[in-house]
Amino acid sequence: MAETDWACSLEYCMLTRTAHWVLRAAAVCLITAGSITQTRATASVLARDAAADFDEAWHFIRDHYCFFPEHGIDAWRRTRDALLPVAERASTLTARIRVLEELLDQLADPHAHLRTNLASSHRLVPHDVWGTRTPEGLRIDAVRAGSAASRAGVLPGDIVLQINGAPALEVADRWRPQHSPMDDRALDSWSALVGLAGTHDTPRVWRVRSGAMIRTIKIDTIDDDAGAHSSGASPAVTVSEPAPGVGLIRVASFADPHAVELFDAAVDRLADASAIIIDVRNNHGGDTAVARPMMGRFVRVRTPYAKMRRRNGDGLGAPWTEYVEPRGRAYTGRVVILVDRFSASMAEGFAMGMRTIAHASIVGTRMAGLGAAIGTTTLPNSKITLQISTEPVYTVDGQPRWELAPDVEVPLDALRRAQMTGGDAILDAGLHEALR
Numbered sequence: 055m056a057e058t059d060w061a062c063s064l065e066y067c068m069l070t071r072t073a074h075w076v077l078r079a080a081a082v083c084l085i086t087a088g089s090i091t092q093t094r095a096t097a098s099v100l101a102r103d104a105a106a107d108f109d110e111a112w113h114f115i116r117d118h119y120c121f122f123p124e125h126g127i128d129a130w131r132r133t134r135d136a137l138l139p140v141a142e143r144a145s146t147l148t149a150r151i152r153v154l155e156e157l158l159d160q161l162a163d164p165h166a167h168l169r170t171n172l173a174s175s176h177r178l179v180p181h182d183v184w185g186t187r188t189p190e191g192l193r194i195d196a197v198r199a200g201s202a203a204s205r206a207g208v209l210p211g212d213i214v215l216q217i218n219g220a221p222a223l224e225v226a227d228r229w230r231p232q233h234s235p236m237d238d239r240a241l242d243s244w245s246a247l248v249g250l251a252g253t254h255d256t257p258r259v260w261r262v263r264s265g266a267m268i269r270t271i272k273i274d275t276i277d278d279d280a281g282a283h284s285s286g287a288s289p290a291v292t293v294s295e296p297a298p299g300v301g302l303i304r305v306a307s308f309a310d311p312h313a314v315e316l317f318d319a320a321v322d323r324l325a326d327a328s329a330i331i332i333d334v335r336n337n338h339g340g341d342t343a344v345a346r347p348m349m350g351r352f353v354r355v356r357t358p359y360a361k362m363r364r365r366n367g368d369g370l371g372a373p374w375t376e377y378v379e380p381r382g383r384a385y386t387g388r389v390v391i392l393v394d395r396f397s398a399s400m401a402e403g404f405a406m407g408m409r410t411i412a413h414a415s416i417v418g419t420r421m422a423g424l425g426a427a428i429g430t431t432t433l434p435n436s437k438i439t440l441q442i443s444t445e446p447v448y449t450v451d452g453q454p455r456w457e458l459a460p461d462v463e464v465p466l467d468a469l470r471r472a473q474m475t476g477g478d479a480i481l482d483a484g485l486h487e488a489l490r
């Protein structure tokens, strides 16, 4: 090959290689542009689906939620106006969950929540403490037995001054719903509970005034979330005799269908006891189909135990009556029910019903105040399920379940002293009531 021919061939090769890379670069640009267009289209579809799910949830709440205050449904329309634009921009599953959580949080109702969550979601309440606002901070009114807060040394009567370095009241205010139809009292109570519960992914460090001392308490509850809302490995029903002639039946949950036969065996064992104490503290509820047969061991004839209502238009329809059917040999001795702030939902209904049908004395503190049966819906696009309060429950004479107070209320200072010394003030009060 002549030198000039070689040079021409080299020039041709260089030009050809340059053209090849230019074509490859152009192809990459076209593919990238196509990917971006496809990604944008996907995000647009996700946002559209998120908005549709949001609207489905909003309408379900509007049509079925049972605790709207007067003019609350009109205010609920303003909630939609505020949050729908957020849903319309929710182009990821995370964003979709967040806006749905924010929608449900506007109800300030522990019974209203998604059945899924993010690591950054707040824990369900009541979690491991019950607290209320004071001018100084958040006062602890109750501590769940066996919880991380209890193990860390949190006591009833403590005042939480700071949460993770921020003033506790400011933390609660951050969780206070901004587009809610509910009244200030409900919002203050709910946001205090959520502020104290924190999020799943963040350990809590509290600055606490405990009596005359101020101390720092570290509460790492990341691995404790399941225990806060279940009975864990504990049996659903246990039985003991804490005093001569007095039986104690502990019902940890009304969610286990096997609990009925265990309860039957416990009642049969205590058939000759002069009194039975039934402990439904730290019981987060379950199913009427479990609780009602248990109540059936305390009646001889079909007996009304509650009234219920549901939405009819913008208001509530007429009440209907719920009954207990007799089962087995009826126990007719004295009955005492132990409750606390972590007795929730069906546990509250059980205590209320037993006071009606068995003239039971309720001993302890106020309960969680979850006053209704729930309704659920599954959203069409995300398949996320949510639940809300739909059917309020009342005593047979019309008293709302969420206003139920114990017959014998154990004061805060007694709870504090007992926890400091390893005692059980509510059980002690229950035994006193059973033996009087």
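490 is the number that the working numbering gives the last residue of the sequence shown; the numbers go up by one with no jumps. From the three backbone atoms N, C-alpha and C, an ideal C-beta is built for every residue, glycine too. Note that this is a predicted model, so its numbers are computed, not measured.
Within the segment 156-206, the complete alpha helix (DSSP H) segments at least 4 residues long are 202-205, listed from N- to C-terminus. Beta-bridge partners of G369 (DSSP): N366.
V225 has its alpha-carbon roughly 10 Å from the corresponding atom of L192. Out of R102, P123, H486, the CA that lies nearest to the CA of A297 is found in H486. Exclusion of the five residues before and after I127 leaves R116, P235, D368 as the residues of its chain whose Cβ lies within less than 8 Å of its Cβ. Cβ atoms of D195 and P180 stay farther apart than 8 Å, at about 10 Å. Going by beta carbons, G387 and A329 fall inside the 8 Å limit. When only Cα atoms are considered, T375 and V390 end up about 24 Å apart. With a cutoff of 8 Å on beta-carbon distance, E155 and A105 are scored as not near each other. The C-beta distance from R364 to C120 rounds to 7 Å, short enough to fall under 8 Å.
Bounds of the beta strand (DSSP E) holding V378 are 374-378. The three-state reading of DSSP puts T430 in strand, counting E and B together. The alpha-carbon separation between E295 and R335 amounts to approximately 18 Å. Around the Cβ of M267, a 10 Å sphere holds fewer than 16 other Cβ atoms; the residue is exposed. Following the DSSP letters along the chain, one finds Q216 inside the beta strand (DSSP E) bounded by residues 213-217. For S243, the enclosing alpha helix (DSSP H) stretches over residues 238-251.
Ranked by how close their Cα comes to the Cα of D333, the residues V378, R354, S415, D341 have S415 in first place. Just measuring C-alpha positions, the residue of A199, G340, D103, R455 sitting nearest G477 is A199. Looking at the DSSP output, E445 shares a beta bridge with A427. Exposure of P434 is indicated by the presence of fewer than 16 other C-beta atoms within 10 angstroms of its C-beta. By the Cβ rule, the segment 445-458 counts as touching the segment 399-414, because three or more pairs are nearer than 8 Å. Membership of I273 in the beta strand (DSSP E) is indicated by the continuous run 267-273. Taken through DSSP and simplified to helix, strand or coil, W229 comes out as coil.
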